[in-house]
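Only one structure is covered here, and it is reproduced in the block below.
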Amino acid sequence: MAVATIPVRRVLSRTVLYVVALAVLALILVPLVYAVLGGFRTTGQIAERPVGLPDPWIFTNYLGTLRSPAFWRQVWNSTFIALATTLLILPLSSLAAFALARYRFRGREAIYTFFTIGLLYPVVAATLPLWLTLRDLDLLGNPWGVILPQVAFGLPLSIVILRPFFRNIPDDLEDAAIIDGCGPLRFYWHVMLPLSRPALSTISVLTIVGSWNAFLLPLLVLTRQDQWTLPLGVNNISTQYGTDTALVLAYTVLSIVPALILYAIAERHIVSGVTSGAVKG
Amino acid sequence: MQTQSQPTRVSQPSAPTPSRRPLRGAPGYASWPTLAVLVLPALVVYGLFVIYPIVQSLRFSVYNWNGLGPLTDWVGLGNFVEALNSPDFRAAIFHCFVIAVLSLTLQLPFALALAVLLNQKLAGRGLFRTMFFAPYVLSEVVTGVVWRQLLRPDGMVDRVIETVGPLIPGVSEAAVQEFMRPWLGDPGVALYSLFFVLTWKYFGLHMVLLLAGLQGIPSELKEAAAIDGAGPWQAFRHVTLPLLGPTIRISMFLMIIGSFHVFDLVWVTTRGGPVGATQTMATYLIDFGFGRNRFGYGGAVSILIFAISMVLALFYQRFVLRRDVEGALT
Numbered sequence: 001m002a003v004a005t006i007p008v009r010r011v012l013s014r015t016v017l018y019v020v021a022l023a024v025l026a027l028i029l030v031p032l033v034y035a036v037l038g039g040f041r042t043t044g045q046i047a048e049r050p051v052g053l054p055d056p057w058i059f060t061n062y063l064g065t066l067r068s069p070a071f072w073r074q075v076w077n078s079t080f081i082a083l084a085t086t087l088l089i090l091p092l093s094s095l096a097a098f099a100l101a102r103y104r105f106r107g108r109e110a111i112y113t114f115f116t117i118g119l120l121y122p123v124v125a126a127t128l129p130l131w132l133t134l135r136d137l138d139l140l141g142n143p144w145g146v147i148l149p150q151v152a153f154g155l156p157l158s159i160v161i162l163r164p165f166f167r168n169i170p171d172d173l174e175d176a177a178i179i180d181g182c183g184p185l186r187f188y189w190h191v192m193l194p195l196s197r198p199a200l201s202t203i204s205v206l207t208i209v210g211s212w213n214a215f216l217l218p219l220l221v222l223t224r225q226d227q228w229t230l231p232l233g234v235n236n237i238s239t240q241y242g243t244d245t246a247l248v249l250a251y252t253v254l255s256i257v258p259a260l261i262l263y264a265i266a267e268r269h270i271v272s273g274v275t276s277g278a279v280k281g
Numbered sequence: 282m283q284t285q286s287q288p289t290r291v292s293q294p295s296a297p298t299p300s301r302r303p304l305r306g307a308p309g310y311a312s313w314p315t316l317a318v319l320v321l322p323a324l325v326v327y328g329l330f331v332i333y334p335i336v337q338s339l340r341f342s343v344y345n346w347n348g349l350g351p352l353t354d355w356v357g358l359g360n361f362v363e364a365l366n367s368p369d370f371r372a373a374i375f376h377c378f379v380i381a382v383l384s385l386t387l388q389l390p391f392a393l394a395l396a397v398l399l400n401q402k403l404a405g406r407g408l409f410r411t412m413f414f415a416p417y418v419l420s421e422v423v424t425g426v427v428w429r430q431l432l433r434p435d436g437m438v439d440r441v442i443e444t445v446g447p448l449i450p451g452v453s454e455a456a457v458q459e460f461m462r463p464w465l466g467d468p469g470v471a472l473y474s475l476f477f478v479l480t481w482k483y484f485g486l487h488m489v490l491l492l493a494g495l496q497g498i499p500s501e502l503k504e505a506a507a508i509d510g511a512g513p514w515q516a517f518r519h520v521t522l523p524l525l526g527p528t529i530r531i532s533m534f535l536m537i538i539g540s541f542h543v544f545d546l547v548w549v550t551t552r553g554g555p556v557g558a559t560q561t562m563a564t565y566l567i568d569f570g571f572g573r574n575r576f577g578y579g580g581a582v583s584i585l586i587f588a589i590s591m592v593l594a595l596f597y598q599r600f601v602l603r604r605d606v607e608g609a610l611t
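Sequences listed follow chains Z and C, in order. When we follow our numbering, the leftmost residue of the first sequence carries the number 1, and every step to the right adds one. When we follow our numbering, the leftmost residue of the second sequence carries the number 282, and every step to the right adds one.
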């Protein structure tokens, strides 16, 4: 008897697990599929029959968006800001983390603690005074007014991720490098950086995704429409053409394609990034 | 990290060289100019865009100031008193608390259950994990715009409820109709609708964290529990759950802090409305400080948000996370 019941119970519990997993999967997918398919309908079709395949398929929303110079302008602005932020954060955080990890000097721990304060200071609480600082520096209405604060607010987490990584690289390597006549900077460039590629990729991917999705800071800083990033464009389309659901959905779907591609390529880095960030965060 | 317990102690050189000036090029030593080249660029950017604004906001928060001209109208702690007495700001704090409590009581168990589920040997679990985590990569703006379309009257959500509702035994057509409401337009439910959308976006993050924690638990321990006669539930309750404690506490911490900083999603869906029912501390700051050119007042609200987050974080680290930090890895 017992021999027979165990498999039955296992099959049953397996089935329950799959049903639950598939139900949650549906909960995730339905809104996304709705958005993608909605872009292929007219707004009238969405109102009449939001479920099922579009009939007929309408391509004007997607094509119209892809032909719109404003959309490509925003793609470019988002890309530029994300890449510039990343290309600045990598050297700044790795140089600082290198010094804080490998060298003994007076005030080292104080400087490290100083950086970690930033982990507790949310960008939302900072926006108002930050906006005034940017105004004084004449950086409002300038992409660098988004890039530089993003770099500054990204430094704490990057340093916290990198410092233990640099620490764990054996001292023997440093001894060898010194014997070979390497100074600190060459040691950093030729030994530390190549060995830290996983941590550096994680930071890059997290920075790019964070910057691509950023809303509040660009909203307050990028005053001119030709400087807008995609989240600002999506928000604008959705408030200005709120009744043209199909257009809003097409625009939104196209805006997330780059983020989804990045996720498909670099899922491992994103997951390890949020996990290692949280351990300390 | 060994310095965690004594964060203020400055490390003294402990190298074998007796002279005050260590050998040029010895490991662990670099000249001051080299150190400056390494650390200063980061310090300058960080100081200018993170620390300097904090200090500035402390300064102008005691003035009545519209952001232009000199600081002349000194009001002392008036801005702070006004904020703390403002029903709108109090409501905003309360809404953040509601989101935090709901996250801890609903979103966390949900994420934990799915983490346990995906920790089983399940065909396609890698795909499930990828899909469950995917909303985390979408921006809150995109999430908000899509869900606003789904939740609007006569939208997709309404259609689904109208179709599925009457199929549930004991639920009449009339009861379903009575249940229907404008999910983002009714002050009584808008906050809960937003919480639902936040859960949709963020449970994957916590599931991934908890899954990593689960995978760090040696399977020998569960096997030992099974040999000792523990059923699956007992093994979970007395072996897995205690060992998962540190990860759960980190998830709780991120949820609480996250709840206090919600902005983007609310701004694109309800802008804090209807009638302030979904106002959060951040939307209040933008609406009442920035939007009304009350920079002194906004500075005070900024500091209050910072202070509330800081107190929570420190309290949490002191009393809940401390056990984990002692002898921890980094």
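Using N, Cα and C, we set each Cβ at its ideal position, and we do this for glycine too.
If you draw a straight line from the Cα of Pro31(Z) to the Cα of Leu398(C), it is about 23 Å long. Minimum Cα-Cα distance from Ala21(Z) among the listed residues Val382(C), Gly485(C) and Leu358(C) corresponds to Gly485(C). Tyr251(Z) sits in a helix when the DSSP states are folded into three classes.
Close partners of Ile586(C) in chain Z (Cβ separation under 9 Å): Pro122, Val124 and Ala125. A residue is called buried once 16 or more other Cβ atoms fall within 10 Å of its Cβ, and Gly233(Z) is buried on that count. Assignment of beta-bridge partners to Tyr344(C) by DSSP yields Trp355(C).
DSSP places Ala311(C) in no alpha helix (DSSP H); its state is neither H nor E. In the structure shown, Pro198(Z) adopts helical secondary structure according to DSSP, grouped into three states.
Counting C-beta atoms within 10 angstroms of its own C-beta, Gly512(C) has fewer than 16 neighbours from the protein chains shown and is therefore classed as exposed. Leu398(C) belongs to the set of residues whose beta carbon lies under 7 Å from a beta carbon in chain Z. Here the alpha carbon of Thr65(Z) sits roughly 40 Å from the alpha carbon of Ile159(Z). Cα atoms of Ser338(C) and Trp131(Z): separation of roughly 11 Å, rounded to the nearest angstrom. Taking 7 Å as the threshold, the shortest C-beta distance from Pro334(C) to chain Z falls below it. Here DSSP, grouped into helix, strand and coil, assigns Lys503(C) to helix.
Counting only runs of at least 4 residues, the region 374–415 of chain C fully encloses the following alpha helix (DSSP H) elements, listed from N- to C-terminal order: 389–399. In this chain, Tyr188(Z) is not harboured by any alpha helix (DSSP H), its DSSP state being neither H nor E.
Under the three-state reduction of DSSP, Trp464(C) is assigned to coil, being neither helix nor strand.
The straight-line gap separating the alpha-carbon atoms of Leu358(C) and Gly539(C) is approximately 28 Å. Comparing C-alpha distances from Leu219(Z) to each of Val543(C), Ile567(C), Thr559(C) and Leu389(C) shows the shortest one belongs to Ile567(C). DSSP places Phe105(Z) outside both helix and strand once states are collapsed to three, so it counts as coil.
With respect to Val326(C), Ala99(Z) sits apart: the two C-beta atoms are not nearer than 7 Å. Of the other Cβ atoms in all chains shown, 16 or more fall within 10 Å of the Cβ of Asn235(Z); this residue is therefore buried. Following the DSSP letters along the chain, one finds Asp439(C) inside the alpha helix (DSSP H) bounded by residues Met437 to Val445.
Chain-ordered, the chain C residues with CB closer than 9 Å to the CB of Ile28(Z) read Met412, Phe413, Ala415, Pro416, Trp481 and Gly485.
Under the 7 Å criterion on CB atoms, Gly570(C) is classed as interfacial with respect to chain Z.
Interface annotation for the region 90–107 of chain Z against chain C: Pro91, Leu92, Ser93, Leu95, Ala96, Phe98, Ala99, Leu100, Arg102, Tyr103, Arg104, Phe105, Arg106 and Gly107, criterion Cβ-Cβ distance under 8 Å. Close CB contacts of Thr86(Z) within its chain, under the 7 Å cut and outside five residues either way in sequence, are with Ser204, Thr207 and Ile208 (chain order). Taking a 10 Å sphere around the C-beta of Gln388(C), we find 16 or more other C-beta atoms and assign the residue as buried. Following the DSSP letters along the chain, one finds Gln240(Z) inside the alpha helix (DSSP H) bounded by residues Leu230 to Gln240. Here Thr550(C) is not near Arg440(C), since their CB atoms are 7 Å or more apart. Rounded to whole angstroms, Trp76(Z) and Leu222(Z) show a C-alpha spacing of 14 Å. Listed along chain Z are Ala99, Tyr103, Gly183, Pro184 and Leu185, each with a C-beta nearer than 9 Å to that of Thr315(C). Residues of the region 418–446 of chain C with a C-beta less than 9 Å from any C-beta of chain Z: Val418, Leu419, Ser420, Glu421, Val422, Val423, Thr424, Gly425, Val426, Val427, Trp428, Arg429, Gln430, Leu431, Arg433, Asp435, Gly436, Met437, Arg440, Val441 and Thr444, listed in chain order.
The residue among Leu247(Z), Phe215(Z), Val274(Z) and Leu249(Z) with its C-alpha nearest the C-alpha of Ala563(C) is Phe215(Z). Of Lys482(C), Asp369(C) and Gln401(C), the smallest CA-CA separation from Leu492(C) is found for Gln401(C). With the rule of 3 Cβ pairs closer than 8 Å, the region 155–171 of chain Z counts as touching the region 118–137 of chain Z.
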